[in-house]
Each structure stands twice: as structure tokens, then as C-alpha cells.
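Under my numbering, read the sequence shown as residues -17 to 122, first letter to last. C-beta atoms are modelled at their ideal positions from N, C-alpha and C, and glycine is treated no differently. The structure displayed is predicted, hence computed values, not measured ones. First up is the structure itself, then whatever we jot down about it.
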Amino acid sequence: AKALLETKGFKVDKPIPKQNMGGQVSGTVADHPNNTAGTSYSKGSTIILYVWEDEMVAFPDDIIGMTFADAKAILEARGFVVGDPISADILNDYSYAIVEAHSGFDSGEKYAKGSEVKLTVAAPEPPEDPTDTPQLFFGF
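This is the structure:
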């Protein structure tokens, strides 16, 4: 669009990103503020284009070692979609499972909002057995 307008004698400012709400191809023209059908513009006029852009969100620093429930809450608050957890040793309740890995995202890097994250989880370590604690007895 920019090249076409420039060949017609118009100036084109830097495109303004417009949040892609789904369905539009990122990088394509969404609109322009002078969008009035039938309006003529003289050569040399400056045109501003709005371009669809996917909203980018940063992946959190470190979710490894968190409970599945906490990691899921953080990811969803940032706009990621959390898929079903991957686990071999947990059958029902994932909320207290511990996150061991995730599906290839780098901490601090930006990804498109709505990206799906798969979390690999494991059962939490069981609490220490109180019967294994040495007992102190005092003879009185």
C-alpha cells in the first residue's frame, strides 16, 4: 500500500499499529484516518496508514518450580492460553502439581497474545513423614 501511494505522488508516514482482534493478517492495512469515500487528495499530501498488528506479550521470567495453578494464573493474566498439562504421574488434580518445563518459550521474550503454552508438571514432593523425625526423650 505504501509503495502504491508513493508512486501516485503521496507521502506516507510511518504506519500506526492497530491491535489485531483476530482474523486479520498481521502487517496488512487496517484503515487510514483520511478514509472518507470519494474524497480527493492533492499530490504531495501525507497519508497515515493503520496496520494490523498482533499484540505481543512478554513471557514471564521463571515459572519452573511454581504450582500449576500459580503458573497458569500468571500466564493467563498476560494473555497466554494454557493448554492441558502434560504429566505421567498425576491423574486428577493438577492445581498443586509443580511445573517442570514449558513448551519452548524464552523468558522475557515477546510472543503473540493468545499463544498456547503447554506445561509439563509433576506431583509435588510429599511432606516429610513426622515419624521419621528423631524424638528426644528426657528421663525424669
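CB of residue i within 7 Å of CB of residue j, strictly
i     : j    : result
D(-5) : T21  : no
I68   : K100 : yes
S85   : F62  : no
M48   : V81  : yes
Secondary structure of residue i, DSSP reduced to three states
i     : result
I29   : strand
T102  : strand
K(-4) : coil
K92   : strand
E107  : coil
Length of the line joining the Cα atoms of residue i and residue j
i      : j      : result
D66    : P106   : 18 Å
T(-11) : V33    : 19 Å
F87    : L(-14) : 38 Å
A51    : S89    : 19 Å
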